[in-house]
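Residue numbers (the numbering used here): 188 to 422. To keep things clear, I will list the structure first and then write my remarks on it.
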Amino acid sequence: MKRPTIGIAANEVADAGETLHHLPISYTPLGYVRAVQQAGGLPLILPIGDSATAKEYIAQIDKLVLAGGQDVSPKFYGQEKTINLSSYLQRDEFELALIDEALLQKKPIFAVCRGMQLINVALGGTLLQDISNHSDIVHMQAPIPKEVPTHVIETLDESRLSAIYGRKTHVNSFHHQAVDKLAQGLCKTAWSPDGIIEGLEAAERRIMGVQWHPDFAYDALSQEMAAFRYVVNDL
188 MKRPTIGIAA
198 NEVADAGETL
208 HHLPISYTPL
218 GYVRAVQQAG
228 GLPLILPIGD
238 SATAKEYIAQ
248 IDKLVLAGGQ
258 DVSPKFYGQE
268 KTINLSSYLQ
278 RDEFELALID
288 EALLQKKPIF
298 AVCRGMQLIN
308 VALGGTLLQD
318 ISNHSDIVHM
328 QAPIPKEVPT
338 HVIETLDESR
348 LSAIYGRKTH
358 VNSFHHQAVD
368 KLAQGLCKTA
378 WSPDGIIEGL
388 EAAERRIMGV
398 QWHPDFAYDA
408 LSQEMAAFRY
418 VVNDL
């Protein structure tokens, strides 16, 4: 049986540090690669490039994974910056093109953290630029180790996330932004006690997004590896 090819949208850094001679690099966190491999998929890294190439990239994969990283620029959801953001326009533009093509070609999408926020923006939703005034839960857990779950979430009955994680579980947390207005066609399928949206899905499309990081804990928590198995084999 042919292994599913899972396209993972890459990130970039301008200076990789002394060990790599301060080179600019294109990269993907290894957790995505290893988890996809363990789930039986073939990971294929999609480097940031010209949006016009998105059609060809999506044609070569079976499913698309959108990873975490920089803040989504508020220009894409009709707002001005209200705080200092770490946005990267070229990445936003390329990944928005990947999303458009994945929807056109009917390819499933799994979106993590920033990726979930970008899916919401791509479909017409908005973001909270800073959740510090909206919650008393710590959503940026550093320096607590990345694989340690730090707050509870609940999931929607009969949702994909409920089938993977159960009705209630604990997850890690590394974000200062969140979904605000939910895009038409998306459904809130996980949330934290403060009301922050932690998961979303689309009833009519094979889209699943999570605000936490399964890639940080796939080798420590069975529920996170189960999420990757679902994405690779069932989404």
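Glycine residues also receive a C-beta, built at the ideal position from the N, C-alpha and C atoms. Values in this document were obtained by computation on a predicted structure and should not be read as measured data.
DSSP three-state call for residue i: helix, strand or coil?
{"i": "Y244", "result": "helix"}
{"i": "R303", "result": "Per the sequence shown, residue 303 should be read as Met rather than Arg. Reduced to three states, the DSSP call for M303 is helix."}
{"i": "E199", "result": "strand"}
{"i": "L373", "result": "strand"}
{"i": "K262", "result": "helix"}
{"i": "S273", "result": "coil"}
{"i": "A389", "result": "strand"}
Does the beta-carbon distance from residue i to residue j come in below 8 Å?
{"i": "H338", "j": "V308", "result": "no"}
{"i": "V223", "j": "A254", "result": "no"}
{"i": "D402", "j": "Y219", "result": "yes"}
{"i": "T376", "j": "L343", "result": "yes"}
{"i": "F415", "j": "A226", "result": "yes"}
{"i": "I137", "j": "A413", "result": "Residue 137 lies beyond the residue range present for the chain, which begins at 188 and ends at 422; the question has no answer from this structure."}
{"i": "A404", "j": "K333", "result": "yes"}
{"i": "E267", "j": "I340", "result": "no"}
{"i": "Q364", "j": "D258", "result": "yes"}
{"i": "P211", "j": "D202", "result": "yes"}
{"i": "G312", "j": "V366", "result": "yes"}
{"i": "A246", "j": "Q292", "result": "yes"}
{"i": "C374", "j": "E391", "result": "no"}
Kindly indicate the opening and closing residues of the alpha helix (DSSP H) around residue i.
{"i": "L283", "result": "L276 to L291"}
{"i": "I351", "result": "R347 to Y352"}
{"i": "S409", "result": "S409 to N420"}
{"i": "V223", "result": "L217 to Q225"}
{"i": "F361", "result": "Premise fails: F361 is in no alpha helix (DSSP H) and is neither H nor E."}
{"i": "P336", "result": "No alpha helix (DSSP H) holds P336; DSSP gives it neither H nor E."}
{"i": "D237", "result": "D237 -> no alpha helix (DSSP H), and no H or E assigned at all."}
{"i": "D402", "result": "P401 to A404"}
Name the two residues that bound the continuous beta strand (DSSP E) containing residue i.
{"i": "P230", "result": "L229 to L233"}
{"i": "K250", "result": "K250 to L253"}
Give me whichever residues DSSP pairs with residue i in a beta bridge.
{"i": "W378", "result": "E341 and I384"}
{"i": "I212", "result": "V200"}
{"i": "T192", "result": "L229"}
{"i": "I318", "result": "I318 is not bridged to any residue."}
{"i": "G396", "result": "A298 and L387"}
{"i": "V325", "result": "Partner(s): none; V325 has no beta bridge."}
{"i": "V308", "result": "The partner list for V308 (beta bridge, DSSP) is empty, contrary to what the question assumes."}
On the premise that residue j lies in contact with residue i, defined as a C-beta separation below 8 Å, what is that separation, rounded to the nearest angstrom?
{"i": "G228", "j": "I193", "result": "4 Å"}
{"i": "R278", "j": "I248", "result": "About 18 Å; that fails the 8 Å criterion."}
{"i": "Q304", "j": "L314", "result": "5 Å"}
{"i": "A241", "j": "A284", "result": "4 Å"}
{"i": "L310", "j": "A370", "result": "4 Å"}
{"i": "I296", "j": "I394", "result": "5 Å"}
{"i": "K294", "j": "L233", "result": "At roughly 12 Å, the Cβ-Cβ gap does not stay under 8 Å, so K294 and L233 are not in contact."}
{"i": "I306", "j": "G372", "result": "Incorrect: roughly 10 Å between the Cβ atoms, too far for contact."}
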